[in-house]
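Going by the UniProt record's numbering, the first residue of the sequence shown is number 7, and it counts up by one from there.
Right, one structure below, let's go through it.
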Amino acid sequence: DVGFKQDVPEVQNTFLEDPVMISVLERLLPSKICEWANTEGAALTERMEADQPKLRQYDSWCRRVDELLVTDAWKKQKEIAAREGVVAIAYERKYGEYSRIYQMAKLMLWTSGAGLYSCPIAMTDGCARVIEVSGTQEMKDQVYTRLTSRDPKVFITSGQWMTERPGGSDVGRTETQAVWNEDLKSWSISGFKWFSSATDADVTMLLARTHDPASGSMREGSKGLSLYLANVRDEQGKLNGVRIHRLKDKVGTKALPTAELELNNMVAQQVGANYRGVKNISDILNITRVYCGMGCTAAMQRFVLGAKEYARRREVFGNLLKNQPLHLATLASMELQYRASSQFTFFCVAMLGRIESLDNNLPQVKDHDIPLLRLLTPILKVWSAKHAFAMSQEAMEAFGGQGYMEETGLGRAMRDVLVNTIWEGTTNVLSLDVLRVMAETGGDALELFNKTVRGIIAPLKAPEWAKSAKSLEECLVQISSHFNKYATLETRTLLEASA
Ligand code: MFK
Ligand code: FAD
7 DVGFKQDVPE VQNTFLEDPV MISVLERLLP SKICEWANTE GAALTERMEA
57 DQPKLRQYDS WCRRVDELLV TDAWKKQKEI AAREGVVAIA YERKYGEYSR
107 IYQMAKLMLW TSGAGLYSCP IAMTDGCARV IEVSGTQEMK DQVYTRLTSR
157 DPKVFITSGQ WMTERPGGSD VGRTETQAVW NEDLKSWSIS GFKWFSSATD
207 ADVTMLLART HDPASGSMRE GSKGLSLYLA NVRDEQGKLN GVRIHRLKDK
257 VGTKALPTAE LELNNMVAQQ VGANYRGVKN ISDILNITRV YCGMGCTAAM
307 QRFVLGAKEY ARRREVFGNL LKNQPLHLAT LASMELQYRA SSQFTFFCVA
357 MLGRIESLDN NLPQVKDHDI PLLRLLTPIL KVWSAKHAFA MSQEAMEAFG
407 GQGYMEETGL GRAMRDVLVN TIWEGTTNVL SLDVLRVMAE TGGDALELFN
457 KTVRGIIAPL KAPEWAKSAK SLEECLVQIS SHFNKYATLE TRTLLEASA
């Protein structure tokens with residue numbers, strides 16, 4: 007046991023060690039709420055390593071059982087999620103319009119140690135929102151109250167089953183069908199769901215092609231789909247007309263039990279109007295896409311904190327990495343992207359909070375937050391996913407050869423973050439979603455974005471280059487080069503401060 011031993015880089019607390027999150031909260035939250043969020047945030051340090059889920063399809067006597075085996079660590083995450091109120095905070099609205107900011111800040115701390123449990127939490131949150139907006143009173147009493155509970159014994163999670171073999175982006179190709187069952191006074195759903203990530207969820211929201219109860223006929227394309235809510239299992243734990251075909255063998259997100267599911271007469275209730283399934287489920291999509299922005303920002307935070315921490319300890323060519331100008335420039339570019347992602351995410355989160363808690367007829371909400379959030383959500387999701395993956399590569403390289411070793415965890419982090427470019431809508435599909443918004447608003451949403459950016463810049467003590475920019479594009483290019491210089495200085499200061 008002789009020779010050089012590298013000092014081990016360790017990020018202890020992603021909240022206290024990072025001035026970015028604290029400054030975002032200080033800027034967006036009134037001081038009283040901020041103080042409380044800080045204390046709670048610092049306390050949230052529990053970390054868990056979740057093992058991979060397994061499927062036991064048959065018992066010893068060849069009876070089909072489809073038992074999903076998840077580890078105690080995974081189950082524990084559900085308990086933590088309930089106790090910490092990671093869904094509840096958004097719906098209790100104790101802090102009114104600021105509740106979403108507080109919730110997402112807390113989620114950002116929890117997510118990188120939660121072994122992908124933030125995925126079912128995102129869908130649970132979206133499901134609660136759909137029931138709040140479009141659900142029946144019975145769904146509100148029996149399901150919504152449990153999705154938003156802080157009691158681990160009461161808290162339940164939800165899945166989101168959209169993707170089928172013929173189409174994930176193009177859900178209009180859905181084969182699954184819903185037939186009204188007069189005896190049960192409920193819908194009976196049969197088909198095949200190609201991806202279900204929250205296979206251990208208690209309930210699920212799913213799309214199916216509706217048989218008209220009177221004529222039995224169906225409509226083609228996405229305009230023939232309705233949204234349904236179903237229990238995944240009954241009180242004895244028996245699956246509700248579901249067979250777990252197999253667990254997916256994925257590139258990453260291995261702690262998450264993603265499965266293929268066969269549905270045979272799954273008993274379900276319809277949510278919202280007939281044939282409005284895509285529109286109704288978009289309330290989930292728009293929340294889970296903001297979660298993707300938050301999750302990617304959290305990943306970037308860990309990449310940049312880790313790379314900086316290593317740069318303080320690793321010596322090369324007679325100097326610490328942090329003092330090598332070229333390496334500093336790389337760290338500065340990571341720092342800049344992480345900060346941009348934090349601001350972008352919480353800008354969207356603040357609007358989401360206002361839309362959910364304030365009167366939607368207020369001009370700030372009706373004419374600003376609603377159209378702007380609709381435009382920015384797909385952009386946030388796509389932008390943060392692409393940058394987080396690119397940054398995972400940069401972080402790996404910043405650790406040199408050790409970065410490529412599984413034991414440093416960077417490979418896993420890279421594989422996990424990559425999925426954000428695919429799930430909840432691929433880059434091109436979400437780019438088309440941006441065009442959809444522009445078409446639906448006749449270009450007004452883009453104009454609003456332009457006005458908002460200029461409104462943010464105007465009161466700043468903007469240097470001449472910003473004021474004199476002729477177009478928004480020119481202004482953004484100028485800002486970017488200005489911030490690149492600023493980021494290098496700032497990163498150097500941060501590295502020195504904690505050295
Ligand atoms: C920490 C991170 C955790 C994240 C966890 C995630 C776990 C993974 C879970 C999944 O991946 S779940 C599956 C996610 N699937 C997708 O994201 C599907 C991607 N495809 C799309 O988004 C397509 O654009 C879409 C399915 C919506 C296309 O459907 P259509 O029916 O062919 O489109 P159409 O006809 O343009 O839209 C139908 C209606 O919905 C229109 O309204 P109207 O009928 O009133 O005109 C649209 O305006 C509306 N709409 C579409 N997208 C919307 C929306 N409304 C609001 N928001 C949206 N995003
Ligand atoms: P396709 O739609 O076939 O896409 C293939 C390519 O075509 C992509 O590059 C896409 O960008 C491109 N494309 C599609 N349409 C267009 C267009 N109009 N113009 C240009 N290019 C286009 N789904 C669920 O419902 N529930 C889940 O819980 C869930 N969990 C998942 C977990 C994981 C780990 C993964 C990887 C996926 C999960 N999904 C889930 C599925 C996911 O949402 C879909 O895979 C995704 O929406 C893409 O659909 P697809 O696989 O059918 O690809």
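C-beta: ideal position from N, C-alpha, C; glycine also.
Run through the DSSP bridge pairs and tell me what residue i is partnered with.
i         : result
R62       : E73
Q166      : M211
E197      : For the record, residue 197 in the displayed sequence is Gly; it is not Glu. Looking at the DSSP assignment, G197 forms a beta bridge with L269.
W67       : BP columns for W67 are empty, so no partner.
W186      : W193
N325      : V322
G173      : E170
A79       : Per DSSP, none; premise fails for A79.
T216      : A184
A391      : Its beta-bridge partners do not exist; DSSP assigns none.
residue 6 : Beyond the ends of the chain as shown, which are 7 and 505, falls residue 6; an answer cannot be given.
Indicate, with yes or no, if ligand 1 has a heavy atom lying under 7 angstroms from the CB of residue i.
i    : result
S203 : yes
Y492 : no
V177 : yes
V284 : yes
S124 : yes
M114 : no
Measure how close the beta-carbons of residue i and residue j come, nearest whole angstrom, since I'm counting them as under 8 angstroms.
i    : j    : result
T182 : L74  : No, T182 and L74 are not in contact; Cβ-Cβ is about 21 angstroms, not under 8 angstroms.
L454 : R106 : 20 angstroms between Cβ atoms; not a contact.
T205 : Q166 : Not quite, the Cβ-Cβ distance comes to about 12 angstroms (not below 8 angstroms), so this is no contact.
I162 : D218 : Contact doesn't hold; Cβ gap of about 32 angstroms is too wide.
G431 : D439 : 7 angstroms
Return yes when the C-beta of residue i is under 7 angstroms from any heavy atom of ligand 2, and no when it is not.
i    : result
M168 : yes
E430 : yes
T182 : no
D435 : It should be pointed out that residue 435 corresponds to Val in this sequence rather than to Asp. Yes, ligand 2 has a heavy atom inside 7 angstroms of this Cβ.
T259 : yes
L438 : yes
V160 : no
K387 : no
K256 : yes
G301 : no
V296 : no
Compare the Cα-Cα distances from residue i to each of the options and report the closest residue.
i    : options                   : result
T433 : A404, A475, P384 and E413 : P384
S486 : A356, V423, R345 and F395 : R345
S416 : M27, M306 and N292        : Before going further, note that residue 416 is Leu rather than Ser in the sequence given. With distances taken between Cα atoms, L416 lies closest to M306.
E362 : D24, K100, A120 and Q143  : K100
I250 : L122, K60 and S288        : K60
K84  : W67, L122 and C68         : L122
M444 : R295, L381, M27 and N246  : L381
L245 : V257, T259, S29 and A274  : A274
S196 : G173, Q370 and N271       : N271
S175 : S228, S398 and V160       : S228
S202 : Q148, V139, L267 and L213 : L267
V310 : W389, L334 and A111       : L334
F489 : Q343, A394, V388 and S474 : Q343
F350 : L22, V26 and K11          : V26
A120 : G299, V92, E479 and K146  : V92
E496 : T336, R319 and C133       : T336
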